[in-house]
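K.L.:
The structure's right below; bear with me while I get my questions together.
In our numbering, the protein residues as written are 17 to 439.
Right under this line is the structure:
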């Protein structure tokens, strides 16, 4: 599965180059792909979905893209104007690129509002109930008592709970927050059935089958070329790119070795891809197989060494969450030939420099969010075209040094845990 839990389109797009390389190495093409990123993308107003679609169509022109609109209340219609505007943007993007849409929000509205007798009969039989996707963001006990607070446990106080106002009654069996974002297995089954039905209909249409699934003719369908026109502003969309052939990649799912440089500043420690230079940074993976580097001690430093070109662009993906997460600072040090192995590591003695932009330009990023656990991606571009002035200021400092030397080999990225003990 290309998309993991809580991943937005900005995470998906940066994994596509490896997918393309894998298929090309096997002399295969990608026939169909399912995009289900509406829940995570709903909180962002950036055109990453369009960037993903354009990227796929660029490398697989004949691909069938199936894009799912989730039946979350914000999309069904609960007065959230921002989420409704995001929904319209998704639909506009899907229509513009002739993407096959499975719209569960529309299905939920049909069940709720349609005057057709079959839907009215369902509403009369199950009054005030959601039949397709939970619309009440609460759980309830078997006696109908609502839980007033979000409860991750499947059995709070040892008692089973169900999705509130949802039919059929389904007991929660796994730990998860946000009932409407994590619907019961019956909703997942409806999604699976709808995807399979849609794919079968696409095959029947493409093969010109009759109602008995017998082929009555053949025709070669010519798919239109990728449109030059875009939904988002072209200049804006250019910022949301992915490097097809990155010079270097450090992936927590692969690079699980962390060198402890706090006790040694030898050349082998300096040349390691990932080095802890102060504090307690460590590699971890959680019960959902989400891997990353984590620190509990404020002031801790970890360094990532990346091979770069003359105009470096660095993509940083990190997890944000409502639970026990905090802020961190990112700084860069360009390393030039032939001395990239000679410069000493930034250590605990240098932590205070992060507070002085003249000594060590840095960007502070927020790892906390009001709800959910979601990935974020920041692009540090040597073209200085970010819409974040802080990012451009840091990269401007690097580019000034690059212009002076012209022989950049690596960039050392330092991440400092700036979370307060009071957070």
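We put the beta carbon where it would ideally sit given N, CA and C, even for glycine.
Note that this is a predicted model, so its numbers are computed, not measured.
Going by CA-CA distance only, name the one from 252, 424 and 155 that's closest to residue 354.
P.N.:
Residue 424 is the option with its Cα nearest to residue 354.
K.L.:
Quick check: the Cα distance between residue 179 and residue 389, rounded to an integer number of angstroms?
P.N.:
Spanning the two alpha carbons is a distance of roughly 21 Å.
K.L.:
Terminal residues of the continuous beta strand (DSSP E) containing residue 294?
P.N.:
Segment 290-294, the beta strand (DSSP E) holding residue 294.
K.L.:
Please state the DSSP three-state secondary structure of residue 287.
P.N.:
DSSP places residue 287 in helix when its eight states are reduced to three.
K.L.:
Rounded to whole angstroms, what is the Cα-Cα separation between residue 342 and residue 372?
P.N.:
Distance between the alpha carbons of residue 342 and residue 372: 20 Å.
K.L.:
Please work out which residues of its chain come closer than 8 Å, Cβ to Cβ, to residue 191, disregarding the five sequence neighbours upstream and downstream, and give them in chain order.
P.N.:
Counting only Cβ-Cβ distances below 8 Å, and skipping sequence neighbours, we find 168, 169 and 170.
K.L.:
Return the bridge partner residues of residue 330 from the DSSP annotation.
P.N.:
BP columns for residue 330 point to 396.
K.L.:
For residue 382, which beta-bridge partners are listed by DSSP?
P.N.:
Beta-bridge pairing links residue 382 to 343.
K.L.:
Give the straight-line distance between the Cα atoms of residue 422 and residue 251, rounded to the nearest whole angstrom.
P.N.:
Roughly 28 Å separates the two Cα atoms.
K.L.:
So residue 73 is in the alpha helix (DSSP H); what residue range does that whole segment cover?
P.N.:
First-last of the alpha helix (DSSP H) with residue 73: 64-75.
K.L.:
Taking a contact to mean a Cβ-Cβ separation below 7 Å, would you say residue 285 touches residue 277 in this structure?
P.N.:
It is a contact, given that the beta carbons lie within the stated cut-off.
K.L.:
Considering Cα atoms alone, identify which of 376, 409 and 336 is closest to residue 428.
P.N.:
With distances taken between Cα atoms, residue 428 lies closest to 376.
K.L.:
Between which residues of its own chain and residue 256 is the CB-CB distance below 7 Å, once the five residues before and five after are set aside?
P.N.:
Around residue 256: 62, 63, 64 and 67.
K.L.:
Does the separation of the CB atoms of residue 82 and residue 116 fall below 7 Å?
P.N.:
Closer than 7 Å, so yes.
K.L.:
Please classify residue 25 as buried or exposed, where buried requires at least 16 other C-beta atoms within 10 Å of its C-beta.
P.N.:
Residue 25 comes out buried.
K.L.:
What span of residues does the alpha helix (DSSP H) with residue 155 cover, start to end?
P.N.:
It is not in any alpha helix (DSSP H) - residue 155 instead sits in the beta strand (DSSP E) that spans 155-157.
K.L.:
Distance check for residue 393 and residue 406, CA to CA, integer angstroms please.
P.N.:
Computed Cα separation, rounded: 15 Å.
K.L.:
What residues in its chain sit with their C-beta under 7 Å from that of residue 76, if we drop five residues either side in the sequence?
P.N.:
The answer, listed in chain order, is 45 and 46.
K.L.:
Any heavy atom of the ligand PLP closer than 6 Å to the Cβ of residue 242?
P.N.:
The ligand PLP is not among the ligands present in this structure, which contains no ligands whatsoever.
K.L.:
Give me, in chain order, the residues of the same chain whose beta-carbon lies closer than 6 Å to that of residue 246; leave out the 5 immediate sequence neighbours on both sides.
P.N.:
Closer than 6 Å at Cβ, skipping near neighbours: 253.
K.L.:
Might you give, ordered along the chain, the residues of its own chain that have their beta carbon closer than 7 Å to the beta carbon of residue 435, omitting 5 neighbours on each side?
P.N.:
Contacts found: 314, 342 and 343.
K.L.:
Scan the stretch 132-208 and note each continuous alpha helix (DSSP H) run of 4 residues or more that stays entirely inside, going in chain order.
P.N.:
Entirely contained in the stretch 132-208, the alpha helix (DSSP H) runs reaching 4 residues are, in chain order, 133-141.
K.L.:
On the three-state DSSP scale, how would you describe residue 421?
P.N.:
Helix.
K.L.:
Using three-state DSSP, classify residue 354 as helix, strand or coil.
P.N.:
It is coil, neither helix nor strand.
K.L.:
Does the separation of the CB atoms of residue 391 and residue 105 fall below 7 Å?
P.N.:
No. Outside cutoff.
K.L.:
Which residue's Cα is closest to the Cα of residue 273: 265, 289 and 279?
P.N.:
Closest option to residue 273, Cα to Cα, is 289.
K.L.:
Which residue from 347, 261 and 369 puts its Cα closest to that of residue 36?
P.N.:
For the residues 347, 261 and 369, the minimum Cα distance to residue 36 belongs to 261.
K.L.:
Kindly give me the distance between the Cβ atoms of residue 345 and residue 432, rounded to whole angstroms, as I take these residues to be in contact under 8 Å.
P.N.:
That belief holds up - the Cβ atoms of residue 345 and residue 432 are roughly 4 Å apart, short of 8 Å.
K.L.:
Looking only at its chain, what residues have a beta carbon closer than 7 Å to the beta carbon of residue 155, apart from the 5 residues adjacent to it on each side?
P.N.:
Excluding residues within five positions, the ones whose Cβ falls inside 7 Å are 163, 167, 177, 178, 179, 180, 188 and 195.
K.L.:
Quick one: give me the first and last residue of the beta strand (DSSP E) that residue 301 is part of.
P.N.:
Residues 298-301.
K.L.:
Which same chain residues end up closer than 7 Å to residue 218 when comparing Cβ atoms and leaving out the 5 residues on each side of it in sequence?
P.N.:
The answer, listed in chain order, is 80 and 116.
K.L.:
Can you tell me the Cβ-Cβ gap for residue 386 and residue 338, rounded? I've got them flagged as a contact below 8 Å.
P.N.:
Correct: roughly 6 Å between the Cβ atoms.
K.L.:
Taking the continuous beta strand (DSSP E) assigned at residue 119, which residues delimit it?
P.N.:
Counting along the chain, the beta strand (DSSP E) containing residue 119 begins and ends at 116-119.
K.L.:
Reducing DSSP to helix, strand and coil, say where residue 310 ends up.
P.N.:
The answer is strand: DSSP assigns residue 310 an E or B state.
K.L.:
Taking Cβ to Cβ, would you say residue 412 is nearer than 7 Å to residue 324?
P.N.:
Cβ distance not < 7 Å, so residue 412 and residue 324 don't count as in contact.
K.L.:
Just checking my contact of residue 197 with residue 55 at CB under 8 Å: how many whole Å lie between their CB atoms?
P.N.:
Between residue 55 and residue 197 the Cβ distance is about 5 Å, and since that is below 8 Å, they are a contact.
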